[in-house]
Structures are given as C-alpha cells and as structure tokens.
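Taking it in order: structure first as structure tokens, then the write-up.
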Ligand code: L3W
Ligand code: SF4
C-alpha cells in the first residue's frame with residue numbers, strides 16, 4: 071500500500087474546517103517552519119527532491135533558488151490552480167477537501183520566498199471552490215496564521231484568490247501572470263522566467279497546488295525522510311487522477327514505486343477495466359502527453375515492468391516514451407477509437423490556442439480538420455503523412471508548450487496506431503457508423 075502524505079486525513083469528517091484540521095495536527099509544520107530561517111526551509115525543499123506537480127516536473131527547490139532578490143522589490147508566490155488539462159482533477163480534490171493543507175503550504179512557502187502577498191489563480195469553471203478557499207483563508211487569519219505579524223514572528227502574509235475566465239492557456243505560467251494582471255492571457259516569451267520577472271515584473275514563483283501542498287509534509291517529516299519515499303528522482307508521493315475505462319475513477323495518492331499494471335488492475339486503485347475488456351492504451355499524464363499502447367505501457371522495451379514514476383514513464387524520451395505530466399491518467403479499453411480520441415483532443419487544442427504563433431494557431435486547426443475528415447471516412451492515405459508533417463512543424467516552434475502539447479498526441483497516435491488511421495480511410499462506409507475499436511475486436 072502506498073504511503074499517504076497529502077491525503078492521509080482526507081477521510082476525516084470536517085477536515086475542510088480549521089478546527090478539525092488543527093486537531094489532526096494541522097499548522098504544526100507552519101509553526102515549525104516559522105522557527106526556521108528561510109534558507110533552512112529552502113534546504114529542506116531541495117533535499118526532498120520534490121519536482122513540480124503541474125506537468126513539467128521541474129525541481130521545486132531549484133526554482134525557488136532562482137528567485138531574484140533585488141533590494142526593495144516585493145516578491146510573490148502564485149499558486150497555479152488553473153487545472154484545465156483534460157483528465158486532470160487532482161488539484162480540485164485537494165482544494166475542495168483539504169483547503170487548509172494548501173493554505174498551510176502557502177504560508178510556509180511565502181515565508182521561505184519572502185512573499186507578503188500571495189495568490190491562488192483558480193480556473194473559472196471551479197466555481198464553487200473559491201468560496202471554500204476564502205473561508206479557509208479567513209479561518210487561518212482569525213487563528214493568527216495569516217495577516218500581520220504571524221505568530222509574533224514579524225512576518226506578514228495575505229493570500230488572495232483570483233478566478234480565471236475559462237481559458238486553458240491561462241494554466242501556462244506566463245499567461246496566468248498576464249491574466250492576473252488583468253490582461254488577456256497571452257503567454258510571454260521566456261526567458262526572462264517569472265523567477266526574475268513575473269507578476270508586475272517582480273520576482274515570482276509560480277507553483278502547482280499539489281507542489282505547494284507537499285511542502286507541509288516535507289517540513290513535517292524533513293526533506294531527507296521525504297526523499298526516502300519513492301525511487302530515484304521520483305521522490306515523495308504523487309496524486310493521480312484516474313479516469314476513462316476503469317472500475318474506480320478517482321484521485322489516488324501513490325508513492326511512485328508501484329507498477330502501471332498494479333495501478334490499473336489492483337482494487338486499491340483503478341480496480342481493473344469494466345466488463346472484462348482488454349486494455350488498449352493509456353495517456354498517463356494528462357491529454358498533452360503521448361498515448362502509449364498497452365504492450366509498452368505494462369512493460370518497457372527491455373521486458374521490465376513499467377512503474378508509475380517520472381523516469382519509467384518517460385523511458386525513451388519524448389520520441390518513444392511518454393511523461394508523468396500532471397498525473398491525469400486516462401485509460402482506453404479495446405472498444406475505443408484512437409482516431410476519434412485524437413480528433414477530440416485536436417479540437418480542444420485548436421479551440422484553446424491563443425493564436426499568437428502561426429504554427430500553433432494554423433497547425434492545430436489543420437490537424438483538427440484532417441483528423442475529422444479521416445474519422446468520418448473521407449480521408450486519403452497521404453493525409454496521414456500530411457498530419458505527421460504538420461505536427462513536426464509545430465513542435466518546438468512556438469512561444470509556449472501548448473504547441474507541443476497539441477503535436478505530441480497526434481505524433482504518438484500515428485506512431486503507435488497507424489493501422490487505425492488506415493482502417494478509417496480504407497473503410498469509409500464502416501467509418502460512418504462504427505469506430506475502429508468496435509469493428510475490430
Ligand atoms: C528559472 C530557469 N525558472 C525552467 C521554471 C519555469 C516553470 C518550470 C518548468 O509547462 C508542462 C508543459 C505541459 N530559471 C528555468 C525556470 N524554469 N527553467 O520551471 O518550466 P517548463 O518550461 O519546463 O514547463 P511549463 O511551462 O511549466 C508545463 C505539461 O506540463 N502538462 C501540462 C499540464 C497542465 C496542467 C493543468 O491544467 N493544471 O497541469 C502536462 O503534461 O504540456 O509541457 O515554472 O518558469 N532557467
Ligand atoms: Fe499561443 Fe499556441 Fe503560441 Fe502558446 S503556442 S503562445 S497557445 S499560439
């Protein structure tokens with residue numbers, strides 16, 4: 071059974087409220103941290119090996135150490151709660167059921183980074199959650215854990231919640247900062263990174279909800295103990311939101327030593343695939359990461375089991391492997407059609423492209439149109455190569471990672487499931503009424 075650090079008290083009735091959270095030992099890590107120096111906290115975070123839980127897996131301690139500290143310029147912590155990646159809903163769970171874990175993590179992180187005003191930028195569609203967060207902020211303030219001179223340390227910290235307007239691109243950190251400044255959420259060119267020039271050109275750390283929540287157990291048990299959980303550079307625990315063709319969709323906390331097979335089939339996690347169907351493929355890290363066929367998902371090319379961690383899932387790099395990403399684990403059974411699925415994603419990325427870069431703005435539209443044609447049985451064989459060519463021209467040629475995120479699913483679908491594309495083209499009549507999965511298994 072995986073060790074629980076973030077969700078250990080998720081089942082406790084009333085844990086959403088300060089009183090219960092405190093009874094369970096909540097804000098103990100904050101009390102401990104406020105007696106440490108910011109440098110000592112940073113060392114703990116570095117030692118923990120924590121990697122950003124939003125998708126990129128960038129080492130959190132390293133990001134914090136990049137934060138510029140020019141004299142007299144305020145610094146900010148911004149929590150990225152714009153969780154919009156299809157298949158990803160773990161941050162929603164944390165904020166809805168354990169809001170004080172996030173607030174406590176923010177207090178410790180704000181103290182370490184020297185942020186007196188910190189923000190939570192939350193996707194607009196999570197319309198009921200800002201009230202939960204604001205209530206938790208008020209409770210923490212009333213108990214002296216936020217506001218002026220926190221616990222008599224002289225440290226002041228306010229937290230504000232800002233609602234987004236429903237654009238996926240505002241989850242990209244620089245688009246988020248633009249939006250937080252009240253502008254249209256267009257991504258900025260990097261560098262400069264937010265750590266140097268972020269919110270209102272001030273040094274800013276942008277971190278995912280789960281990354282900041284993980285700061286609490288890191289301080290609680292120490293960075294060294296946290297680093298002992300997991301394996302290699304996949305330290306600590308990771309929240310996985312599991313969905314698709316599984317018996318038990320939901321949010322699970324894993325310690326990254328379990329195999330993909332165990333995660334899908336064990337009753338502790340997804341509980342297998344309904345109706346005895348076979349596993350066809352999986353997208354393990356949210357819709358942006360490459361789809362992997364069952365044979366490569368359960369075993370590596372060397373025949374070793376594949377594990378639910380950063381290294382094992384990315385085995386082979388972007389060209390052949392996939393990524394842990396945001397932990398949005400989408401399972402497809404044998405009845406699913408990869409072409410239809412890829413078309414749905416292409417439509418999504420086309421709709422969400424901000425339009426600043428030509429390869430992304432035009433390329434996502436072309437990919438969607440071609441995929442739609444193929445899926446309806448109106449495609450030509452040369453369209454498959456055209457699709458391949460378009461995704462190659464997008465990848466690496468855009469301002470922000472949305473371009474790559476739109477290209478990778480198409481590339482992986484063609485690489486691993488070319489026969490499905492060909493089936494649609496060769497069987498135009500069947501394509502109108504059936505999908506590849508139902509027709510071929
Ligand atoms: C200072 C340097 N800071 C890097 C910072 C950078 C950022 C972090 C990672 O995209 C991915 C994307 C999605 N000095 C720095 C530095 N940093 N070098 O480190 O940066 P980066 O560019 O690798 O990633 P990113 O722009 O944060 C995130 C993928 O995640 N993804 C997205 C999921 C979406 C959600 C959601 O809806 N919540 O999770 C899923 O896989 O495609 O590739 O902070 O500033 N020299
Ligand atoms: Fe906008 Fe797409 Fe360019 Fe990102 S890659 S800046 S979403 S056009």
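Residue numbers (the working numbering): 71 to 511.
Where a beta carbon is used, it is the ideal one built from N, C-alpha and C, also for glycine.
Proximity winner among the options, relative to residue i (alpha-carbon distances)
i: residue 247; options: 108, 274, 313 and 176; result: 274
i: residue 173; options: 233, 157, 156 and 148; result: 148
i: residue 489; options: 506, 499 and 346; result: 506
i: residue 261; options: 483, 145 and 244; result: 244
i: residue 71; options: 307, 453 and 156; result: 307
i: residue 166; options: 81, 263 and 123; result: 81
i: residue 119; options: 255, 76, 302 and 188; result: 302
i: residue 86; options: 279, 202 and 162; result: 202
i: residue 92; options: 380, 214, 328 and 374; result: 214
i: residue 484; options: 467, 453, 472 and 469; result: 453
i: residue 327; options: 189, 471, 232 and 379; result: 379
i: residue 284; options: 320, 198, 123 and 263; result: 123
i: residue 428; options: 182, 397, 468 and 100; result: 468
i: residue 267; options: 279, 195, 146 and 226; result: 146
i: residue 276; options: 204, 102, 77 and 129; result: 129
i: residue 126; options: 322, 319, 184 and 281; result: 281
i: residue 470; options: 318, 238 and 373; result: 238
i: residue 184; options: 77, 142, 249 and 241; result: 142
Close Cβ partners of residue i (< 8 Å) along its chain, the five nearest in sequence each way excluded
i: residue 425; result: 431
i: residue 348; result: 364, 403, 404 and 511
i: residue 433; result: 460, 461, 463, 464, 473, 476 and 477
Proximity test, residue i beta-carbon vs the ligand FMN heavy atom, cut-off 8 Å
i: residue 496; result: Only the ligand L3W and the ligand SF4 can be found as ligands here, which leaves the ligand FMN out of the picture.
Alpha-carbon to alpha-carbon, residue j and residue i
i: residue 440; j: residue 291; result: 52 Å
i: residue 117; j: residue 133; result: 13 Å
i: residue 435; j: residue 412; result: 13 Å
i: residue 339; j: residue 330; result: 11 Å
i: residue 192; j: residue 157; result: 17 Å
i: residue 499; j: residue 416; result: 23 Å
i: residue 111; j: residue 131; result: 10 Å
i: residue 289; j: residue 309; result: 19 Å
i: residue 159; j: residue 399; result: 10 Å
i: residue 493; j: residue 178; result: 55 Å
i: residue 115; j: residue 368; result: 32 Å
i: residue 477; j: residue 362; result: 15 Å
i: residue 414; j: residue 445; result: 10 Å
i: residue 480; j: residue 466; result: 15 Å
i: residue 175; j: residue 96; result: 11 Å
i: residue 447; j: residue 497; result: 7 Å
i: residue 410; j: residue 180; result: 44 Å
i: residue 495; j: residue 443; result: 9 Å
i: residue 250; j: residue 355; result: 26 Å
Status (buried if at least 16 other CB within 10 Å, exposed otherwise) for residue i
i: residue 235; result: exposed
i: residue 359; result: buried
i: residue 150; result: buried
i: residue 230; result: exposed
i: residue 502; result: exposed
i: residue 212; result: exposed
i: residue 350; result: buried
i: residue 450; result: exposed
i: residue 294; result: exposed
i: residue 371; result: exposed
i: residue 392; result: buried
i: residue 121; result: buried
i: residue 155; result: buried
i: residue 305; result: buried
i: residue 188; result: buried
i: residue 88; result: buried
i: residue 252; result: exposed
i: residue 376; result: buried
i: residue 333; result: buried
Same chain, Cβ closer than 6 Å to residue i, five either side skipped, listed in chain order
i: residue 90; result: 84
i: residue 407; result: 505, 506 and 507
i: residue 210; result: 173 and 216
i: residue 401; result: 314, 315, 316 and 352
i: residue 258; result: 244
i: residue 438; result: 416, 417 and 420
i: residue 75; result: 287 and 307
Sequence-distant residues of the same chain with beta carbon closer than 7 Å to residue i, five excluded per side
i: residue 389; result: Note that residue 389 scores 42 on pLDDT, short of 50, meaning its location in the model is unreliable; the coordinates nonetheless yield the value given after this. Excluding residues within five positions, none has a Cβ falling inside 7 Å.
i: residue 223; result: 104
i: residue 298; result: none
i: residue 325; result: 72, 73, 299, 300 and 307
i: residue 335; result: 342
i: residue 207; result: 173, 216 and 229
Residue-chain proximity (residue i, chain E), Cβ-Cβ < 9 Å
i: residue 122; result: In the structure shown, chain E does not exist; there is a single protein chain.
For the ligand SF4, which residues have a Cβ under 6 Å from at least one heavy atom, in chain order? 239, 257, 423, 424, 425, 426, 427, 430, 431, 468, 469, 470, 472 and 473
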